[in-house]
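Asker: Right, I'll just put the structure down here and ask away after.
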Amino acid sequence: MEPLRVAVLGCGFWSRFQLAAWHELPDVRCIAVCDPDEAKARMAAEAWTEGRFFTDAERLLAEVVPDVVDVITPPHTHPDLVGLCARHRIPVICQKPMANELSTAQEMVNGCRQAGIPLFVHENWRWQRPIRELKAVLDRGAIGAPFRARLDFNSSFPVFTNQPFLAELERFILTDVGSHLLDVARFLFGEARRLNAVTQRIRPGIRGEDVATVLLEMRSGVTVTCNLSYASRTEHERFPETFIFVEGTEGSAELAPDLWVRLTDEAGTHSYRVQPPFYSWADPRYALLHASIVDCHRNLANGLRGQGAGETTGEDNLKTLQLVYGSYESAARGKSIAFTPLE
Numbered sequence: 001m002e003p004l005r006v007a008v009l010g011c012g013f014w015s016r017f018q019l020a021a022w023h024e025l026p027d028v029r030c031i032a033v034c035d036p037d038e039a040k041a042r043m044a045a046e047a048w049t050e051g052r053f054f055t056d057a058e059r060l061l062a063e064v065v066p067d068v069v070d071v072i073t074p075p076h077t078h079p080d081l082v083g084l085c086a087r088h089r090i091p092v093i094c095q096k097p098m099a100n101e102l103s104t105a106q107e108m109v110n111g112c113r114q115a116g117i118p119l120f121v122h123e124n125w126r127w128q129r130p131i132r133e134l135k136a137v138l139d140r141g142a143i144g145a146p147f148r149a150r151l152d153f154n155s156s157f158p159v160f161t162n163q164p165f166l167a168e169l170e171r172f173i174l175t176d177v178g179s180h181l182l183d184v185a186r187f188l189f190g191e192a193r194r195l196n197a198v199t200q201r202i203r204p205g206i207r208g209e210d211v212a213t214v215l216l217e218m219r220s221g222v223t224v225t226c227n228l229s230y231a232s233r234t235e236h237e238r239f240p241e242t243f244i245f246v247e248g249t250e251g252s253a254e255l256a257p258d259l260w261v262r263l264t265d266e267a268g269t270h271s272y273r274v275q276p277p278f279y280s281w282a283d284p285r286y287a288l289l290h291a292s293i294v295d296c297h298r299n300l301a302n303g304l305r306g307q308g309a310g311e312t313t314g315e316d317n318l319k320t321l322q323l324v325y326g327s328y329e330s331a332a333r334g335k336s337i338a339f340t341p342l343e
């Protein structure tokens, strides 16, 4: 089988890890990169490709004609770049959030559908090995039928130091982390029928919210609370881990600090650790997330080849964005939001 030829648009903070993760797959080649900043593009090309770099995305698509484009740019640029790929009939993977408005994301999905090309969203959080293990525990009925769950991502990690532009976002934690956490809620428990959200701005000097609490009523009957914070200093802080506690009719399951899975039933508690792989290029502070990028890439590459289903399609991610922007609406209006998932 010929290698999958990937071109990358955007050479900022996350691109170095996305590019490195593609290189972990033996049947993938990164053939070109593009960034308006020529120095960034040149540096990324020399490190991760055959040396081809561009400052104009349309020229890259016309000259290189990749098998798929990986868009690793800020959200406000996504509609134009995904639209460009659609016009060139080239499959595209887009970073989260897909767009800054739900209606724009719908237009992007429709545009790719009309062009007859796949649109995937690079949603890697659900590909963390401990979260995949928890999903397997729930699917095999180890705790019976789940009825209540809590997902916690609470941290004092200095995220604004690594990515200072985040401090300027009018919408912050729900788009940055909430798009991940709410996707995990869907991954574990299915679709929601109602939500209620509260947001807060705690840290001085930022524009958007850095704390949010979202209560979801799932169609499966599970009640899920999602707690998100970059303003919390706690005893068991383990950035970037997500702690999850699920109660079921026959017991409980927990994704606990330091990647421990704990199962409790009438016989007692059984614990084991799920350690993801470590890659030499990974930032130790983000190693858990960086490992999940590789597994996400693998799934999407297989989906593009027709070797299984790529999980995070544009259509699927619309349902996550519906929760993200529904949460903002709920917080602004001070009331719960009921909805049916988008198709």
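Residue numbers (our numbering): 1 to 343. Where a beta carbon is used, it is the ideal one built from N, C-alpha and C, also for glycine.
(1) Do the region 99-114 and the region 281-292 touch if we need at least three Cβ pairs shorter than 8 Å?
(2) Let me make sure I understand the geometry here. Which of 332, 277, 52 has the alpha-carbon closest to that of residue 34?
(3) With DSSP as the reference, label residue 260 as helix, strand or coil.
(4) Would you decide whether residue 309 is buried or exposed? Buried here means 16 or more other CB atoms lie within 10 Å of its CB.
(5) With a cut-off of 8 Å on the beta carbons, I'd call residue 139 and residue 172 a contact; round off their distance for me.
(6) How is residue 128 classed by DSSP in three states: helix, strand or coil?
(7) Check whether the region 216-227 and the region 155-163 are in contact - that is, three or more C-beta pairs closer than 8 Å.
(8) Can you tell me whether residue 230 is buried or exposed, with buried defined as 16 or more other CB within 10 angstroms of its CB?
(9) Which one of 245, 284, 121, 178 has the shortest CA to CA distance from residue 73?
(10) For residue 100, which three-state DSSP category applies?
(11) By how many angstroms is the C-alpha of residue 145 removed from the C-alpha of residue 277?
(12) For residue 229, does the three-state DSSP call read helix, strand or coil?
(13) Look at the alpha carbon of residue 134 and the alpha carbon of residue 269, and state the distance between them as a whole number of angstroms.
(14) Using 8 Å as the threshold, is the C-beta distance between residue 282 and residue 28 below it?
(15) Any idea what DSSP makes of residue 217, helix, strand or coil?
(16) Which runs of the alpha helix (DSSP H) at least 4 residues long sit entirely within the region 295-343? Give them in chain order.
(17) Give the list of continuous beta strand (DSSP E) stretches no shorter than 3 residues that lie fully inside the region 50-99.
(18) Can you tell me whether residue 307 is buried or exposed? The criterion is at least 16 other CB atoms within 10 Å of its CB, across all chains shown.
(19) Around the C-beta of residue 224, are 16 or more other C-beta atoms found within 10 angstroms, so that it is buried, or is it exposed?
(20) Considering only the alpha carbon of each residue, which of 127, 169, 150 lies closest to residue 159?
(21) Going by alpha carbons, who is nearest to residue 271 out of 141, 252, 3?
(22) Check whether the region 62-72 touches the region 7-18, counting contact only when three or more Cβ pairs, one atom from each stretch, lie closer than 8 Å.
(23) As a quick exercise: from 267, 141, 188, pick the residue whose alpha carbon is nearest that of residue 150.
(24) Going straight from the alpha carbon of residue 199 to that of residue 212, what length do you get?
(25) Using C-beta distances below 7 Å, list every residue in its chain close to residue 352, excluding the 5 sequence neighbours before and after it, in chain order.
(26) Residue 103: which of 25, 314, 36, 58 sits nearest, CA to CA?
(27) Here's the rule I'm using: 16 or more other beta-carbon atoms within 10 Å means buried, otherwise exposed. How should residue 96 be labelled?
(28) Name the residue from 196, 293, 152 whose alpha carbon lies nearest to the alpha carbon of residue 234.
(29) Do you know how far the Cα of residue 248 is from the Cα of residue 182?
(30) At a threshold of 7 Å, does residue 233 count as lining the ligand HEM (C-beta to nearest heavy atom)?
Answerer: The structure says:
(1) These segments do not touch.
(2) The residue you call residue 34 lines up with position 34 of the sequence shown. Distances from the alpha-carbon of residue 34 to those of 332, 277, 52 put 52 closest.
(3) The residue labelled residue 260 in the question sits at position 260 within the sequence shown. It is a strand residue.
(4) Taking the sequence shown and counting its residues from 1, the one referred to as residue 309 is at position 309. Label assigned to residue 309: exposed.
(5) Stepping through the sequence shown from its first residue, residue 139 is reached at position 139. Stepping through the sequence shown from its first residue, residue 172 is reached at position 172. Actually they are not in contact, since the Cβ atoms of residue 139 and residue 172 sit about 33 Å apart, beyond 8 Å.
(6) As a position in the sequence shown, residue 128 is number 128, starting the count at 1. Coil at residue 128, not helix or strand.
(7) Contact fails between the region 216-227 and the region 155-163, because fewer than three Cβ pairs, one in each stretch, are under 8 Å apart.
(8) For this step, residue 230 is matched to residue 230 along the sequence shown. Within a 10 Å sphere around the beta-carbon of residue 230 sit 16 or more other beta-carbons, which makes this residue buried.
(9) As a first step, residue 73 is located in the sequence shown; it is residue number 73 there, counting from the start. Of the listed residues, the one whose Cα sits closest to residue 73 is 121.
(10) Numbered from its first residue, the sequence shown carries residue 100 at position 100. Of the three classes helix, strand and coil, the one that applies to residue 100 here is coil, per DSSP.
(11) As a position in the sequence shown, residue 277 is number 277, starting the count at 1. As a position in the sequence shown, residue 145 is number 145, starting the count at 1. Residue 277 and residue 145 have their alpha carbons spaced roughly 31 Å apart.
(12) On the sequence shown, residue 229 is found 229 positions in, with the first residue counted as 1. Strand at residue 229.
(13) The residue labelled residue 134 in the question sits at position 134 within the sequence shown. The residue labelled residue 269 in the question sits at position 269 within the sequence shown. Approximately 15 Å, taken between the alpha carbons.
(14) Position 282 of the sequence shown, counted from the first residue, corresponds to residue 282. Position 28 of the sequence shown, counted from the first residue, corresponds to residue 28. No, they are not a contact pair.
(15) Numbered from 1 along the sequence shown, position 217 holds the residue referred to as residue 217. The answer is strand: DSSP assigns residue 217 an E or B state.
(16) You should have 314-333.
(17) The region 50-99 contains, as complete beta strand (DSSP E) runs of 3+ residues, the segments 68-71, 92-95 (chain order).
(18) Within the sequence shown, numbered from 1, the residue matching residue 307 stands at position 307. The residue is exposed, with fewer than 16 neighbouring Cβ atoms inside 10 Å.
(19) Counting from 1 along the sequence shown, the entry for residue 224 is found at position 224. Residue burial is scored here from C-beta neighbours: residue 224 has at least 16 other C-beta atoms within 10 angstroms and is therefore classed as buried.
(20) Counting from one through the sequence shown, the residue named residue 159 turns up at place 159. Nearest of 127, 169, 150 to residue 159, Cα basis: 169.
(21) Stepping through the sequence shown from its first residue, residue 271 is reached at position 271. Minimum Cα distance to residue 271 is reached at 252.
(22) Touching, per the Cβ criterion.
(23) Residue 150 sits at position 150 when you count from the first residue of the sequence shown. When only C-alpha atoms are compared, the closest one is 188.
(24) Here residue 199 refers to the residue found at position 199 when the sequence shown is read from its first residue. Here residue 212 refers to the residue found at position 212 when the sequence shown is read from its first residue. Here the C-alpha atom of residue 199 lies approximately 4 Å from the C-alpha atom of residue 212.
(25) As displayed, the chain neither begins before 1 nor continues past 343, which places residue 352 out of reach and without an answer.
(26) What you label residue 103 is simply residue 103 of the sequence shown in a count that begins at 1. Out of 25, 314, 36, 58, the CA that lies nearest to the CA of residue 103 is found in 314.
(27) Taking the first residue of the sequence shown as 1, we reach residue 96 at position 96. Residue 96 comes out buried.
(28) Translated into the one-based positions of the sequence shown, residue 234 becomes position 234. Selected option, being the one with the closest Cα: 152.
(29) Reading the sequence shown from its first residue, position 182 is the one you call residue 182. Reading the sequence shown from its first residue, position 248 is the one you call residue 248. A straight-line Cα-Cα distance of about 20 Å links residue 182 and residue 248.
(30) With respect to small molecules bound, the structure shown includes none, and the ligand HEM cannot be examined in it.
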